[in-house]
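Undergrad: What follows is a structure written as structure tokens; I'll ask about it next.
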Amino acid sequence: MADSWNRANPPLENMVVHPYVTPLVDQLKVLEKFPGKGGWTYVSLPEVPYENRFPFGMLRVCGSLDGYELGTVRLMPKGKRELFLPVNAGIRKALGKEAGAEVRVKLYKVPTPTAIPEELLACFRDSPGSLERFRSLSLQKQTLYLEDMEDAKTPEKQAAVILRLLRLLEKLSS
1 MADSWNRANP
11 PLENMVVHPY
21 VTPLVDQLKV
31 LEKFPGKGGW
41 TYVSLPEVPY
51 ENRFPFGMLR
61 VCGSLDGYEL
71 GTVRLMPKGK
81 RELFLPVNAG
91 IRKALGKEAG
101 AEVRVKLYKV
111 PTPTAIPEEL
121 LACFRDSPGS
131 LERFRSLSLQ
141 KQTLYLEDME
151 DAKTPEKQAA
161 VILRLLRLLE
171 KLSS
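Numbering (full-length UniProt numbering), first residue to last: 1 to 174.
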């Protein structure tokens with residue numbers, strides 16, 4: 001049938017368009033589950049390169065599972081320099097799938113933020129010396145705070161990230 005859903009070649013109206021061109025992963029994968037009560041359900045991603053420059057090798061990605069938009073998420077380390085994508089109950093329910101089922105995984109690496117957001121710059125202007133102290137942090141710490149700001153889904157969460165950073169910078173000045 002021409003109008004039936006084909007997971008390998010979904011119809012164009014079901015395609016999720018991303019601003020990032022080349023996917024890290026675009027293939028069918030099996031949902032797995034860690035053993036034991038409360039074990040996480042996940043997708044193993046041995047083909048995604050492990051990056052030492054991030055804490056525990058975590059990597060920010062965006063994409064979809066069977067067309068279900070994930071937003072920005074972090075891949076977690078599984079051991080032996082292998083990463084996995086946790087698949088929580090809400091996502092499994094939306095997909096109607098559990099461990100053992102196949103899903104189309106399409107993931108893109110989210111670029112590391114390079115610019116300081118205007119909201120943070122405004123706070124730096126109100127706190128003399130804070131921009132210089134921020135720039136004195138390791139590049140990794142700067143990046144983590146910028147990523148946390150970018151990932152904050154509400155103004156309240158973004159304000160909490162800024163407040164946490166300003167408190168850290170204040171401690172550095174004493």
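C-beta: ideal position from N, C-alpha, C; glycine also.
According to DSSP, is F84 helix, strand or coil?
TA: By 1-based counting over the sequence shown, the position of residue 84 is 84. Of the three classes helix, strand and coil, the one that applies to F84 here is strand, per DSSP.
Undergrad: By the three-class DSSP mapping on this structure, what secondary structure does E143 have?
TA: As a working mapping, residue 143 is identified with position 143 in the sequence shown. According to the sequence displayed, residue 143 carries Thr and not Glu. Helix at T143.
Undergrad: How far does the alpha helix (DSSP H) with P155 in it reach, from first residue to last?
TA: Stepping through the sequence shown from its first residue, residue 155 is reached at position 155. Its alpha helix (DSSP H) spans residues P155 to S173.
Undergrad: Looking at the strands, I want to know which residues DSSP matches up with C62.
TA: Sequence index remark: in the sequence shown, residue 62 carries index 62 (1-based). According to DSSP, C62 bridges with T72 and Y108.
Undergrad: DSSP state of L120, grouped into three classes?
TA: Locating residue 120 in the sequence shown gives position 120, where the first residue counts as 1. In the structure shown, L120 sits in a helix (DSSP, three-state: H, G or I).
Undergrad: Check residue 178 in the structure and name its three-state DSSP category.
TA: What is shown of the chain runs 1 to 174, which leaves residue 178 out entirely.
Undergrad: What are the boundary residues of the alpha helix (DSSP H) that S136 is part of?
TA: Here residue 136 refers to the residue found at position 136 of the sequence shown. For S136, the enclosing alpha helix (DSSP H) covers residues S130 to S136.
Undergrad: Measure the beta-carbon distance from I116 to L146 and round it to whole angstroms, keeping in mind my assumption that it falls under 8 Å.
TA: Within the sequence shown, the letter at position 116 stands for residue 116. Within the sequence shown, the letter at position 146 stands for residue 146. Cβ atoms of I116 and L146 come within 8 Å of each other, at about 7 Å.
Undergrad: Can you tell me whether L28 is buried or exposed, with buried defined as 16 or more other CB within 10 angstroms of its CB?
TA: As a first step, residue 28 is located in the sequence shown; it is residue number 28 there, counting from the start. When all chains shown are included, L28 counts as exposed.
Undergrad: Going by beta carbon distance, what residues of the same chain come within less than 7 Å of D148, once the five residues before and after it are set aside?
TA: One-based indexing of the sequence shown puts residue 148 at position 148. V161, listed in sequence order.
Undergrad: Is the separation between the beta-carbon of R92 and that of R74 shorter than 9 Å?
TA: What you label residue 92 is simply residue 92 of the sequence shown in a count that begins at 1. What you label residue 74 is simply residue 74 of the sequence shown in a count that begins at 1. Cβ atoms of R92 and R74: not closer than 9 Å.
Undergrad: DSSP state of E150, grouped into three classes?
TA: Working through the sequence shown from its first residue, we reach residue 150 at position 150. In the structure shown, E150 sits in a helix (DSSP, three-state: H, G or I).
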